[in-house]
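S.K.: Each residue of the sequence shown is one higher than the one before, counting from 209 in the working numbering.
Here a beta-carbon is modelled for each residue, glycine too, at the ideal position from N, C-alpha and C.
Computed from a predicted structure; not experimentally measured.
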Amino acid sequence: MSTITPEELAATTLLRFATAGSVDDGKSTLVGRLLHDSKSVLADQLEAVQRASASRGQDEVDLALLTDGLRAEREQGITIDVAYRYFATPRRRFILADTPGHVQYTRNMVTGASTAELTVILVDARNGVVEQTRRHAAIAALLRVPHVVLAVNKMDLVGYDEKVFAAIAEEFTAYATGLGVPEVTAIPVSALVGDNVVEPSAHMDWYGGPTVLEHLETVPVGQDLTHAHARLPVQYVIRPRTAEHPDYRGYAGQIAAGAFRVGDEVTVLPSGRTSRISGIDLLGTPVQEAFTPQSVTVLLEDDIDVSRGDLIVPAADAPATTQDVEATVCHVADAPLTVGHRVLLKHGTRTVKAIVKDIPSRLALDDLSHHPDPGQLVANDIGRVTIRTAEPLPLDSYADSRRTGSFILIDPADGTTLTAGMVGESFADPEPVRDAADQDGWDF
Numbered sequence: 209m210s211t212i213t214p215e216e217l218a219a220t221t222l223l224r225f226a227t228a229g230s231v232d233d234g235k236s237t238l239v240g241r242l243l244h245d246s247k248s249v250l251a252d253q254l255e256a257v258q259r260a261s262a263s264r265g266q267d268e269v270d271l272a273l274l275t276d277g278l279r280a281e282r283e284q285g286i287t288i289d290v291a292y293r294y295f296a297t298p299r300r301r302f303i304l305a306d307t308p309g310h311v312q313y314t315r316n317m318v319t320g321a322s323t324a325e326l327t328v329i330l331v332d333a334r335n336g337v338v339e340q341t342r343r344h345a346a347i348a349a350l351l352r353v354p355h356v357v358l359a360v361n362k363m364d365l366v367g368y369d370e371k372v373f374a375a376i377a378e379e380f381t382a383y384a385t386g387l388g389v390p391e392v393t394a395i396p397v398s399a400l401v402g403d404n405v406v407e408p409s410a411h412m413d414w415y416g417g418p419t420v421l422e423h424l425e426t427v428p429v430g431q432d433l434t435h436a437h438a439r440l441p442v443q444y445v446i447r448p449r450t451a452e453h454p455d456y457r458g459y460a461g462q463i464a465a466g467a468f469r470v471g472d473e474v475t476v477l478p479s480g481r482t483s484r485i486s487g488i489d490l491l492g493t494p495v496q497e498a499f500t501p502q503s504v505t506v507l508l509e510d511d512i513d514v515s516r517g518d519l520i521v522p523a524a525d526a527p528a529t530t531q532d533v534e535a536t537v538c539h540v541a542d543a544p545l546t547v548g549h550r551v552l553l554k555h556g557t558r559t560v561k562a563i564v565k566d567i568p569s570r571l572a573l574d575d576l577s578h579h580p581d582p583g584q585l586v587a588n589d590i591g592r593v594t595i596r597t598a599e600p601l602p603l604d605s606y607a608d609s610r611r612t613g614s615f616i617l618i619d620p621a622d623g624t625t626l627t628a629g630m631v632g633e634s635f636a637d638p639e640p641v642r643d644a645a646d647q648d649g650w651d652f
């Protein structure tokens, strides 16, 4: 395994990304190859996978076993649950979510991609773009994932044919662009052999773009968070009441977006009370400025009522509060979501009672058509809902902030998560397709 010094690790950025694609397109093998070839697999892990592969009568090491950890996954050769893996190179740290390909596990793909800044969607070069490919592209667009990589896998099984790759890349890019996906990068790979995963392929001299790892290491990440609308959900009120700090009252939480500075005029929502930041403590040390995703304690000049669940925002940039929430949701529970369903809505650190007032449409991800008045949403369904909350909530549009524009619905009876929601419009406005003459290699 390669050694990364603590200093190098501290200097690297973090990329959260997810893998998706249809069944048997090779997601787990790609992830296994990525971990193996980047020297991110411990010796005992590799030995365990070698033994497991040999016990199944396989001549070669099955790298998919590095991520498919459930017994059912290994027996069926598929991914069922979201498998999270953590690894690092000298240039960047990674949190990877390997998501299932089956239609019935669509909700797991939503879970894995909800916090991702990049999604790798695999396509079997022999089959091309299929329904599940389009479904996962649509989910990436719904979740506003800023970067999408199309990995055309199993190129070794089509003779490394450039025309096969070009046709698939063109079809997928046109579809994704129509959904509003801002960036698609197409890469021809063979996860089984290792072509263009970590090392450049010797079989595809016609391709001059980056390998998968090169792209993961260099794609811009987190570029919009510090310049977004500043938001601090209050998680805890700190009042030590000690001899050293008799009057200390701080409001602790993780900054969801933007930056706060000492002296900023702020508003506390939903009450609407205003004050000014008198101090910011970061890890017990006073600082003049803090930004996402730092966890801080903010002190205010005025002694106003602030509690867990409140949202601290700039006075000049406060979101509107509302009790009527219109959103796109993905239903993740086995029991259906129906009109009149009484739920708990959790937004940031605040949880309020709510009722589902209307389900105006259900989205068919194969052709992106809206089926009006479905009456209910069942597991894996994506649809539009209108929710009435018992208390006002300060909500951003999901298009403006993935953190403060999202929420979950919870079953008040047993605490089960029912639905993941995104406030506002479903898809981004589509980006114009660049002329072929403007394209650099295969970076669509």
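#1: Look up R301 in the DSSP assignment and give the residues it is bridged to.
#2: In chain order, what are the residue ranges of uninterrupted beta strand (DSSP E) at least 3 long that sit wholly in the segment 342-368?
#3: Which residues does DSSP list as the beta-bridge partners of Y459?
#4: Hey, V564 and T546 are a contact pair by Cβ (cut 8 Å); roughly how many whole angstroms apart?
#5: Since V357 contacts E325 with CB under 8 Å, what's their CB separation in whole angstroms?
#6: Measuring only the C-alpha atoms, how far is T314 from R241?
#7: State the CB to CB distance for the pair L387 and A346, rounded to an integer number of angstroms; the pair is presumed to be in contact (CB under 8 Å).
#8: For P494, which residues does DSSP report across the bridge?
#9: Quick check: the Cα distance between R342 and F380, rounded to an integer number of angstroms?
#10: Is it buried or exposed, R550, if we count other Cβ atoms within 10 angstroms and call 16 or more buried?
#11: Find out if the Cβ-Cβ distance for the pair L571, A562 is shorter than 7 Å.
#12: My understanding is that P600 touches P478, with C-beta atoms under 8 Å, so please give their C-beta distance in whole angstroms.
#13: Less than 6 Å between C-beta atoms, sequence neighbours within five positions excluded: which residues of the same chain meet that for V504?
#14: Using the Cβ count rule (16 or more neighbours within 10 Å means buried), how would you classify N316?
#15: For L326, does the three-state DSSP call read helix, strand or coil?
#16: Relative to the C-alpha of G480, which candidate in T500, R469, T530 has its C-alpha closest?
#17: Looking only at its own chain, which residues have a Cβ that is under 6 Å from the Cβ of L573, when we skip the five neighbours before and after it?
#18: Would you list the residues sitting across from A451 in a DSSP beta bridge?
#19: When burial is assigned at 16 or more other CB atoms within 10 Å of the CB, is N404 buried or exposed?
#20: Is there contact between the segment 519-526 and the segment 438-455, where contact requires at least three CB pairs shorter than 8 Å?
#21: For the alpha helix (DSSP H) containing R315, name the first residue and the last one.
M.R.: Straight from the coordinates:
#1: Counting from 1 along the sequence shown, the entry for residue 301 is found at position 93. BP columns for R301 point to L222, A296.
#2: 355-361
#3: Taking the sequence shown and counting its residues from 1, the one referred to as residue 459 is at position 251. DSSP output for Y459 lists V445, V506 as bridge partner(s).
#4: For the purposes of this step, residue 564 is taken as the residue at position 356 of the sequence shown. For the purposes of this step, residue 546 is taken as the residue at position 338 of the sequence shown. With 8 Å as the limit, V564 and T546 qualify as a contact, their Cβ atoms being about 7 Å apart.
#5: As a position in the sequence shown, residue 357 is number 149, starting the count at 1. As a position in the sequence shown, residue 325 is number 117, starting the count at 1. Incorrect: roughly 12 Å between the Cβ atoms, too far for contact.
#6: Taking the first residue of the sequence shown as position 1, residue 314 is located at position 106. Taking the first residue of the sequence shown as position 1, residue 241 is located at position 33. Approximately 24 Å, taken between the alpha carbons.
#7: Residue 387 sits at position 179 when you count from the first residue of the sequence shown. Residue 346 sits at position 138 when you count from the first residue of the sequence shown. So it is a contact: roughly 6 Å between Cβ atoms.
#8: Here residue 494 is taken as the residue at index 286 of the sequence shown, counted from 1. Note: P494 sits in a beta bridge opposite D489.
#9: Position 134 of the sequence shown, counting from 1, holds the residue named residue 342. Position 172 of the sequence shown, counting from 1, holds the residue named residue 380. Near 8 Å, if we compare the C-alpha coordinates of F380 and R342.
#10: By 1-based counting over the sequence shown, the position of residue 550 is 342. Counting Cβ neighbours within 10 Å, R550 comes out exposed, since fewer than 16 surround it.
#11: As a working mapping, residue 571 is identified with position 363 in the sequence shown. As a working mapping, residue 562 is identified with position 354 in the sequence shown. No. Outside cutoff.
#12: For this step, residue 600 is matched to residue 392 along the sequence shown. For this step, residue 478 is matched to residue 270 along the sequence shown. Confirmed, about 4 Å.
#13: Start at 1 with the first residue of the sequence shown, and residue 504 comes out as number 296. I488, L490, A498.
#14: On the sequence shown, residue 316 is found 108 positions in, with the first residue counted as 1. Buried, since its Cβ has 16 or more Cβ neighbours within 10 Å.
#15: Your numbering for residue 326 matches position 118 in the sequence shown. The answer is strand: DSSP assigns L326 an E or B state.
#16: By one-based count along the sequence shown, residue 480 stands at place 272. Nearest option by C-alpha distance: T530.
#17: Counting from 1 along the sequence shown, the entry for residue 573 is found at position 365. Result list for L573: R343, A346, in chain order.
#18: Translated into positions along the sequence shown, residue 451 becomes position 243. A451 is not bridged to any residue.
#19: For this step, residue 404 is matched to residue 196 along the sequence shown. Result: buried.
#20: yes
#21: In the sequence shown, the residue the question calls residue 315 occupies position 107. From DSSP, the alpha helix (DSSP H) with R315 extends over 314-321.
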